[in-house]
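Let me begin by presenting the structure, written as C-alpha cells, before commenting on it.
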Amino acid sequence: MNRSYRSVWNASTNTWTAVQENAKGRTKKSTRSTLLISAVTSLIGVAAATPAWASSIANNFCTPTNAGSGTWSNVAGCFTDAGAYNSLHNLGETVYGSYGYVPTNISFATIMGFAGQVNSLYGTALGANGVVTGAAQNSVALGAGSVATDPNTVSVGRVGNNPLYNVNVAGSDPTSVDATPMNQSLLGTLTRRITNMAAGINSTDAVNVSQLQGVTNALGGGAGINSTTGAVTAPTFVVGNNTYNNVSGAISDLNGRMAGGNKYFHANSGAADSLASGQDSLAVGPAQRQVVRQRRRLVTEQTHPVMVRRQWVFTRMPRAATRQR
Numbered sequence: 001m002n003r004s005y006r007s008v009w010n011a012s013t014n015t016w017t018a019v020q021e022n023a024k025g026r027t028k029k030s031t032r033s034t035l036l037i038s039a040v041t042s043l044i045g046v047a048a049a050t051p052a053w054a055s056s057i058a059n060n061f062c063t064p065t066n067a068g069s070g071t072w073s074n075v076a077g078c079f080t081d082a083g084a085y086n087s088l089h090n091l092g093e094t095v096y097g098s099y100g101y102v103p104t105n106i107s108f109a110t111i112m113g114f115a116g117q118v119n120s121l122y123g124t125a126l127g128a129n130g131v132v133t134g135a136a137q138n139s140v141a142l143g144a145g146s147v148a149t150d151p152n153t154v155s156v157g158r159v160g161n162n163p164l165y166n167v168n169v170a171g172s173d174p175t176s177v178d179a180t181p182m183n184q185s186l187l188g189t190l191t192r193r194i195t196n197m198a199a200g201i202n203s204t205d206a207v208n209v210s211q212l213q214g215v216t217n218a219l220g221g222g223a224g225i226n227s228t229t230g231a232v233t234a235p236t237f238v239v240g241n242n243t244y245n246n247v248s249g250a251i252s253d254l255n256g257r258m259a260g261g262n263k264y265f266h267a268n269s270g271a272a273d274s275l276a277s278g279q280d281s282l283a284v285g286p287a288q289r290q291v292v293r294q295r296r297r298l299v300t301e302q303t304h305p306v307m308v309r310r311q312w313v314f315t316r317m318p319r320a321a322t323r324q325r
C-alpha cells in the first residue's frame with residue numbers, strides 16, 4: 001500500500017480527505033480573499049503616494065461633481081462644480097457640505113454646513129445657509145441662517161426670519177451689539193435679566209439698580225424702585241395746594257410764588273441782620289435785636305432816612321422797646 005499521501009480540504013463534505021501525494025487541490029476561500037484585499041490595498045497605496053494639491057470626497061448617496069482646484073484645499077459634498085458650488089480656486093480653502101459656494105479669487109475660506117457661502121478673504125461660515133458677504137473680511141457667520149456683513153465681526157444665529165448681525169470682535173474688549181436693535185415684535189414675550197453686573201462708569205456702560213436707587217434717594221419725595229417688579233416710583237411734591245410728580249414742576253411753582261410776592265416793600269441796607277431770639281419777639285430793621293419776651297411796650301423815637309421823590313428826608317419814627325414786667 002502506498003503510504004505517501006497528503007491531506008486536503010473537501011469543500012463538499014467539509015472534511016479533510018487523504019489523497020495521493022501528487023494530487024492538485026484548491027486553496028481556501030479566505031486565503032484568496034486575503035490576497036485580493038492585499039492587491040487592492042497596494043493599488044490604493046500607489047494612488048495615495050501620487051502628489052495632489054486638492055482632494056474631493058464622495059458619499060454613497062449621490063454622484064459627486066465637486067471639484068477642488070485650489071492649492072492646499074479640500075472639498076466634500078454633492079452637486080458641486082468648478083466655478084459654482086464647492087469650487088475652490090485659490091489657497092487654503094475648505095468646504096464640507098453640499099452646495100457650499102466660494103467664488104473665484106477668495107482664499108482661506110472655510111464652510112462647514114449645507115449651502116454655506118463665503119465671499120470674502122478669511123471668512124468662515126459654520127451652519128446650514130450661513131453667509132459671509134464680500135465686505136466681511138475676517139468674519140464668521142455662526143449658526144444656521146446667520147449672515148456676517150461687516151469686517152472683523154461674528155454673526156450669531158437668527159431670531160425668527162431675521163439674522164443677527166455683526167458682533168464686533170476687533171478690540172481687546174469687544175462689544176456685543178446687534179446691528180438692528182431687537183424689539184418686541186422679534187423677541188415676543190421672552191425677557192432676560194442680567195445679574196452680578198458692576199456699576200457702569202463710562203457713558204456707554206450699563207447702569208445697575210444700585211446706581212438707580214442712589215438717584216431716586218437724591219430726588220426724595222417718595223421716589224424709589226419696586227423690589228419685585230423693578231418699576232420706578234415717581235416723587236411727589238406739594239407746593240401750596242398743587243401736587244407735582246417731578247422736580248421741574250415743583251420748582252417752577254415755587255419760583256412763580258417768590259416772583260409774585262409783596263411788590264411794595266423793599267429794603268436796602270449793609271448793616272447787620274436783625275435778630276429775634278426772645279419768645280414772641282419781633283425784630284425789624286437793620287441791627288435790631290429783640291432778646292426779651294414782650295410784656296409791656298414803651299414807644300420811643302429814632303431817626304431814619306426815607307426816600308421821598310428821589311430825595312432823602314430824615315424823619316423820626318417811633319421805636320418799640322420792651323420792658324420786662
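For the sequence shown, counting from 1, position 99 maps to 99 in the UniProt record's numbering; every step adds exactly one. Ideal placement from N, C-alpha and C gives every residue a C-beta, glycine not left out.
Can you tell me whether serine 203 is buried or exposed? The criterion is at least 16 other CB atoms within 10 Å of its CB, across all chains shown.
Residue 203 sits at position 203 when you count from the first residue of the sequence shown. Serine 203 comes out exposed.
Compare the beta carbon distance of serine 139 and valine 154 with 8 Å and say whether it is the shorter of the two.
Walking along the sequence shown from the start, residue 139 turns up at place 139. Walking along the sequence shown from the start, residue 154 turns up at place 154. The answer is yes: Cβ separation under 8 Å.
Is the beta carbon of alanine 109 less than 8 Å from the beta carbon of glycine 123?
Mapped onto the sequence shown, residue 109 falls at position 109. Mapped onto the sequence shown, residue 123 falls at position 123. Against a cut-off of 8 Å, the Cβ pair of glycine 123 and alanine 109 comes out as a contact.
According to the neighbour-count rule (16 or more other Cβ atoms, all chains shown, within 10 Å of its Cβ), is valine 215 buried or exposed?
Position 215 of the sequence shown holds residue 215. Answer is exposed; the Cβ neighbour count stays below 16.
Among Arg192, Ala199, Val95 and Ser252, which residue has its Cα nearest to the Cα of glycine 240?
As a position in the sequence shown, residue 240 is number 240, starting the count at 1. When each option's Cα is compared against that of glycine 240, the closest is Ser252.
Need the endpoints of the beta strand (DSSP E) that alanine 125 sits in, please.
Locating residue 125 in the sequence shown gives position 125, where the first residue counts as 1. Counting along the chain, the beta strand (DSSP E) containing alanine 125 begins and ends at 124 to 126.
Which same chain residues end up closer than 6 Å to valine 232 when comparing Cβ atoms and leaving out the 5 residues on each side of it in sequence?
Residue 232 sits at position 232 when you count from the first residue of the sequence shown. Hits under 6 Å: Ile225.
Quick one: what's got a C-beta closer than 7 Å to proline 103's C-beta in the same chain, skipping five residues either side?
Walking along the sequence shown from the start, residue 103 turns up at place 103. Take proline 103, set aside five residues on each side of it, and the residues of its chain with a beta-carbon closer than 7 Å to its own are Asn119, in chain order.
Per-residue burial, valine 147 [other beta carbons within 10 Å of its own, 16 or more giving buried]:
By 1-based counting over the sequence shown, the position of residue 147 is 147. By the beta-carbon neighbour count (other beta carbons within 10 angstroms, threshold 16), valine 147 is buried.
Between the beta-carbon of leucine 283 and the beta-carbon of alanine 272, is there less than 8 Å?
Residue mapping note: residue 283 aligns to position 283 of the sequence shown, counting from 1. Residue mapping note: residue 272 aligns to position 272 of the sequence shown, counting from 1. Looking at the sequence itself, residue 283 is alanine, so the reference to leucine does not match. No, the Cβ-Cβ distance between alanine 283 and alanine 272 is not below 8 Å.
Can you tell me the Cα-Cα spacing of valine 207 and alanine 234, whole angstroms?
Along the sequence shown, one-based indexing puts residue 207 at 207. Along the sequence shown, one-based indexing puts residue 234 at 234. In a straight line, the C-alpha of valine 207 is about 18 Å away from that of alanine 234.
Based on the DSSP secondary-structure assignment, which residues constitute the bridge partners of phenylalanine 242?
What you label residue 242 is simply residue 242 of the sequence shown in a count that begins at 1. Note on identity: in this sequence residue 242 is asparagine, with phenylalanine being the wrong assignment. In DSSP, asparagine 242 forms a bridge with Val239.
Under a Cβ-count criterion, where at least 16 other Cβ atoms within 10 Å of its own Cβ denotes burial, should valine 209 be classed as buried or exposed?
As a position in the sequence shown, residue 209 is number 209, starting the count at 1. Burial call: exposed.
Does DSSP put isoleucine 225 in a helix, a strand or coil?
For this step, residue 225 is matched to residue 225 along the sequence shown. Note: isoleucine 225 maps to strand in three-state DSSP.
Residues bridged to asparagine 10 [DSSP beta-bridge criterion]:
Locating residue 10 in the sequence shown gives position 10, where the first residue counts as 1. According to DSSP, asparagine 10 bridges with Thr15.
Would you call the CB atoms of threonine 236 and glycine 222 closer than 8 Å?
By one-based count along the sequence shown, residue 236 stands at place 236. By one-based count along the sequence shown, residue 222 stands at place 222. In this structure, glycine 222 lies closer than 8 Å to threonine 236 by Cβ.
Reduced DSSP secondary structure (H/G/I, E/B, other) of leucine 212:
Locating residue 212 in the sequence shown gives position 212, counting from the first residue. Leucine 212 falls in the helix class under three-state DSSP.
Reduced DSSP category for aspartate 155 - H, G, I as helix; E, B as strand; rest coil
Along the sequence shown, one-based indexing puts residue 155 at 155. A small fix is needed here, since residue 155 is serine in this sequence, not aspartate. In this structure, serine 155 counts as strand in the three-state DSSP scheme.
Buried or exposed: where does valine 131 fall if 16 or more other Cβ atoms within 10 Å of its Cβ makes it buried?
The residue labelled residue 131 in the question sits at position 131 within the sequence shown. By the neighbour-count rule (16 or more Cβ atoms within 10 Å), valine 131 is buried.
In angstroms, rounded to a whole number, what distance separates the CA positions of glycine 230 and leucine 212?
Looking up residue 230 in the sequence shown gives position 230. Looking up residue 212 in the sequence shown gives position 212. Using only the alpha carbons, I get a separation of about 11 Å.
Report yes if the C-beta of alanine 141 is less than 7 Å from at least one heavy atom of the ligand GTP; otherwise report no.
Of ligands this structure carries none, so the ligand GTP is not represented either.
Could you tell me the alpha carbon to alpha carbon distance between tyrosine 96 and alanine 198, rounded to whole angstroms?
Taking the first residue of the sequence shown as position 1, residue 96 is located at position 96. Taking the first residue of the sequence shown as position 1, residue 198 is located at position 198. Looking at the two C-alpha atoms, the distance is approximately 43 Å.
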